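Chains as they are written, first to last, in the working numbering: chain A, 1 to 330; chain B, 1001 to 1425; chain C, 2001 to 2276. Glycine included, every Cβ here is placed at the ideal spot set by N, Cα and C. None of the values given here were measured: they were computed from a predicted structure. Everything below concerns the one structure shown next.
See below:
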């Protein structure tokens, strides 16, 4: 598994440019004329799939968000349009805004932790001897490969109030009030467990890929920096960091998406509780929609959730847009 | 072992008599013809733990004999059942017959997803116990058939109680508390396992106090948790919960209280009779130590209030096998099989006349004295939404147990509670 | 410049601590699965299962239809990943190697598609499938899972395709291969590590998916392993032994696949696919 950066590696793209602008042989030109349709044909299956399997449900969801759809309407297949009532109710209520703010904070904290810790572990990997590196890699891969459903179950067991191993350790370390502590009893402790789980699962992805990326940094760059008298920190900021920047952007983008959508973890650990205090947007949409059987309302929250996610990633999407524009040489 | 054998003999007897029945019907010209239903399969959803395998097997045999059609039982979990049932009822092939909790029935009756069972009622339901049939009636129509009812009892570990020097089971709430205290002092066992969200027991306590969970405000139902009577019930709950090490924010199924009890280090718990089976499965040796008694009330003459949990059987309005489904109900609810269910599970049957089946059943005998004073949650369509997770009553309980005053806690969950009660339908 | 003892020691010490931190939950899952119930529900944790039992595994696999769940999960996961790879390969080749109008739009489009929060659209998907009379079938599951992983697969493969030196392809074409032949004979073998590492994401996603199958397929004949795992939690409350045994069984295929593919994937990464 790897990271897609916002543009393909620079080498091949340069080649592309040279091809197009340079004098091309007659054979090439003929081929390119015949193949003008080829890229579209190659992309056709992917586009059809996206429109049919993603576009359609999305459209359906938008339509549902303008309907009064509850148990009775669903069972009897009745369509009751109610205009923007759902949106009005959601947007004028306090809950939605509270959940939105919480979601954003939750995403920010988790992504920051994942990126910082992941990068540190990645750099540590680069520094370790071979044997230690392989050992740590094995540990990382195991954590990474744990299916979310299984991992979440395991964390519930680790943090169980009775017989949970975490409480036992804290108690033995002298923190006796933790002996029978219920991690699901408060908002912060629930978020703590969820965050540990998510960070634990996400660090390997960042760390291993970052390590892989550092191994591709040409050593000449460091040598040049050393000639300029750069120390460890200086060469890190002048060589390593700029080289890894696109990678870091791309990874952050992916982590934002994944953390923001961390439905299974939050929902399974404590169902958004206690007292609905740990609901993040996808969980809120699910509980209001499917859980409360208030499906039209759920659909409206879903649409708003999508818009907010778009907003959160807009910055990165703009960067991509610009890069692709430059590449295309337009 | 012995009980199994006895029931097996009983079943054999029933099958013989039923075979005779089937013959009669065939001769008498069944509406659908001798094999009018052959080749069809009826799907029946039953809830986990509600009907023993033996009962399912017997009913299946009888049904197949009489109708020539097949029946398929599918066991469902309570957790998330409403969401599953709603979507299922909207589909082309809904379950033909399904078990539905009595507190959830009115909401589904209102959706139009349940078939009208008026003719079934007039055919076989003349002597259904009226109070048990109440939840099946919505807007004057019969939307389900009462199946079985049950209330909670105290399951206790005789060995631990003897160890603590207690001779007799308690008759009043204070005695009960004193006994548990004594267990705490004289043994190293946990006196009672009572998690913070055993809300069915809490509902029972409110019924004992004569409290209502909701009240009418104009034409709407609103929360009545702020009522001092509800607070009194919660104080009782809290007093007993303080004797337990169980989590304050979990219900009795996480972890299964039967399993905790099965470890043999818990004096008692409040649960359904069949939960003993879970304990025995976890630890075979516990079987001979388990005893049952009625949950004691404030005074010796009146047991504690209990939640009369129960289930109805309903037919999906969208089912294409309406007639066959009714045939099934006639068999499943016949005196023979209704009685068998009561006998096997120690649950209250839908007719007074069948209560004789409970004779000698230790669970039923412990449960029976309280049943008369039992009650349910409000039987209104609005109620179903309250039970969807996160259930505000559970939130209320945990808040009180964690130190909030009942009034504060009632205030905290009021909005959520009212929102659910007034949710557009 | 000789490093101090501390300077040499701390990375290794940190590595060991991290290793324990990352491995412990996985270890604890397996350890719990093999312990008798008495050792699981015990006031002091039993760190190493000395008294090994298979009772929990028996209970976990003894569920009706267990093998149906297994085969359904395998079918759905493999088909979804295979379809996604084929479709994505074509698309990513166009995006990485060809110049055409609207390329930028396609890239952004797939990036947006990658963000789709599937969990919140479940009811919409349910109603579509219901109205198409496709409930309780593996087909909708397969295609939706395919779609869940398709955008990521396209965008990632694009990087791998771009990393294959264009000269190799040209050389093959000079040697008389058609473009398609060049693709099959030259690019595809070079892409193998990329395909494998990309497919890992697909395997995990499809193997794990839970909310959708819960709503779409009510009949056990069409259900998958995540439902079996979650049914454990509800049916047995917190019977940790059986739940951990089930989790172990659920995790093992992915763990194996990962350990096997990850080695190649990392070598694929170090080959330069990830540099940007």
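Beta strand (DSSP E) segment containing residue i, residue limits
i	result
residue 1045/B	1041-1047
residue 2039/C	From DSSP, residue 2039/C is part of no beta strand (DSSP E) but of the alpha helix (DSSP H) over 2037-2040.
residue 1216/B	1214-1217
residue 1099/B	1097-1101
residue 1323/B	From DSSP, residue 1323/B is part of no beta strand (DSSP E) but of the alpha helix (DSSP H) over 1322-1332.
residue 1070/B	1070-1076
residue 2063/C	Per DSSP, residue 2063/C belongs to no beta strand (DSSP E) and is neither H nor E.
C-alpha distance - residue i paired with residue j, whole-angstrom precision
i	j	result
residue 295/A	residue 50/A	24 angstroms
residue 153/A	residue 2055/C	19 angstroms
residue 260/A	residue 1385/B	28 angstroms
residue 315/A	residue 306/A	15 angstroms
residue 1275/B	residue 1286/B	13 angstroms
residue 280/A	residue 2206/C	23 angstroms
residue 1024/B	residue 1066/B	Confidence at residue 1024/B is low in this model, with a pLDDT of 39, below 50, so the placement of that residue should be treated as unreliable; the coordinate-derived value is given next. Their backbone Cα atoms lie some 10 angstroms apart in a straight line.
residue 1231/B	residue 1306/B	17 angstroms
residue 1207/B	residue 1295/B	13 angstroms
residue 2066/C	residue 2075/C	14 angstroms
residue 1401/B	residue 1412/B	14 angstroms
residue 2251/C	residue 2227/C	14 angstroms
residue 1042/B	residue 1071/B	5 angstroms
residue 1339/B	residue 1351/B	9 angstroms
residue 243/A	residue 222/A	11 angstroms
residue 1379/B	residue 1109/B	11 angstroms
residue 1387/B	residue 1080/B	10 angstroms
Proximity winner among the options, relative to residue i (alpha-carbon distances)
i	options	result
residue 1069/B	1341/B, 1321/B, 1143/B and 1101/B	1321/B
residue 113/A	308/A, 267/A, 206/A and 233/A	206/A
residue 45/A	2087/C, 2070/C, 2252/C and 2038/C	2087/C
residue 1394/B	1178/B, 1216/B, 1090/B and 1249/B	1249/B
residue 198/A	61/A, 118/A and 309/A	118/A
residue 2059/C	2033/C, 2040/C, 2046/C and 2116/C	2033/C
residue 1420/B	1381/B, 1134/B and 1143/B	1381/B
residue 1156/B	1129/B, 1176/B and 1225/B	1176/B
residue 1202/B	1189/B, 1367/B and 1225/B	1225/B
residue 151/A	63/A, 200/A, 321/A and 161/A	200/A
residue 92/A	297/A, 269/A and 188/A	297/A
residue 1169/B	1209/B, 1291/B, 1354/B and 1367/B	1291/B
residue 2096/C	2084/C, 2156/C, 2085/C and 2180/C	2156/C
N- and C-terminal bounds of the alpha helix (DSSP H) containing residue i
i	result
residue 2114/C	2103-2114
residue 1393/B	1392-1401
residue 1311/B	Counting along the chain, residue 1311/B falls outside any alpha helix (DSSP H), though it belongs to the beta strand (DSSP E) covering 1309-1315.
residue 193/A	187-214
Closer than 8 angstroms at the beta carbon, the chain D residues around residue i
i	result
residue 1248/B	You won't find chain D in this structure, because its protein chains are A, B and C.
At a cut of 8 angstroms, does the region 1182-1191 of chain B reach the region 1291-1310 of chain B through at least three beta carbon pairs?
no
Are three or more beta carbon pairs between the region 1184-1201 of chain B and the region 1210-1222 of chain B nearer than 8 angstroms?
With a cut-off of 8 angstroms, the region 1210-1222 of chain B and the region 1184-1201 of chain B do not count as touching, because too few Cβ pairs lie within range.
Touch test, the region 1090-1103 of chain B against the region 1314-1332 of chain B, Cβ-Cβ under 8 angstroms, three pairs minimum
In short, these stretches touch, since the Cβ pair count reaches three.
Members of the region 1064-1089 of chain B that neighbour chain A once the beta carbon cut-off is set at 8 angstroms
1082, 1083, 1086, 1087 and 1089
Relative to chain B, which residues along the region 284-311 of chain A have a C-beta separation below 8 angstroms, given in chain order?
Result list: 287, 290, 291, 292, 293 and 294.
Mind listing which residues of the region 1384-1403 of chain B have their C-beta closer than 8 angstroms to chain C's C-betas, in chain order?
none
Closer than 9 angstroms between beta carbons: that is the criterion. Which residues of the region 1278-1292 of chain B meet it against chain C?
1278, 1282 and 1283
Anything in the region 80-110 of chain A with a Cβ closer than 7 angstroms to a Cβ of chain C? List those residues in chain order, please.
none
With contact counted as at least three CB pairs below 8 angstroms, one residue from each stretch, are the region 70-89 of chain A and the region 222-229 of chain A in contact?
no
If you pair each beta-carbon of the region 1143-1150 of chain B with each one of the region 1113-1125 of chain B, do three or more pairs fall below 8 angstroms?
yes
Contact list for the region 2121-2151 of chain C against chain B, Cβ threshold 9 angstroms
2123, 2126, 2127, 2130, 2133, 2135 and 2136
Using a Cβ cut-off of 7 angstroms, which residues of the region 1249-1279 of chain B contact any Cβ in chain C, in chain order?
1253, 1254, 1255, 1256, 1259 and 1263: these are the residues of the region 1249-1279 of chain B whose beta carbon lies less than 7 angstroms from some beta carbon of chain C, given in chain order.
Residues of the region 2025-2047 of chain C with a CB closer than 7 angstroms to any CB of chain B: list them in chain order, please.
2037 and 2041
Please list, in chain order, the residues of the region 1098-1125 of chain B that have any C-beta partner in chain A closer than 9 angstroms.
1107, 1108, 1110, 1111, 1112 and 1113
Please identify, using Cβ separations under 8 angstroms, the residues of the region 257-274 of chain A that lie next to chain B, in order along the chain.
Hits within the stretch, in order: 271, 272, 273 and 274.
Which residues, in chain order, does the region 51-69 of chain A contribute to contact with chain B at a C-beta distance below 7 angstroms?
Against chain B - using a Cβ distance shorter than 7 angstroms - the residues of the region 51-69 of chain A are 68.
Going along the region 140-153 of chain A in order, which residues come within less than 8 angstroms of chain C, judged by CB to CB distance?
Within the region 140-153 of chain A, the residues whose Cβ lies closer than 8 angstroms to some Cβ of chain C are 140, 141, 142, 143, 144, 145, 146, 147, 148, 149, 150, 151 and 153, listed in chain order.
The region 137-147 of chain A contacting the region 2018-2029 of chain C, beta-carbon criterion three pairs below 8 angstroms
yes
Between the region 1305-1332 of chain B and chain C, which residues of the former have a C-beta closer than 7 angstroms to a C-beta of the latter?
Cβ contacts with chain C: none found.
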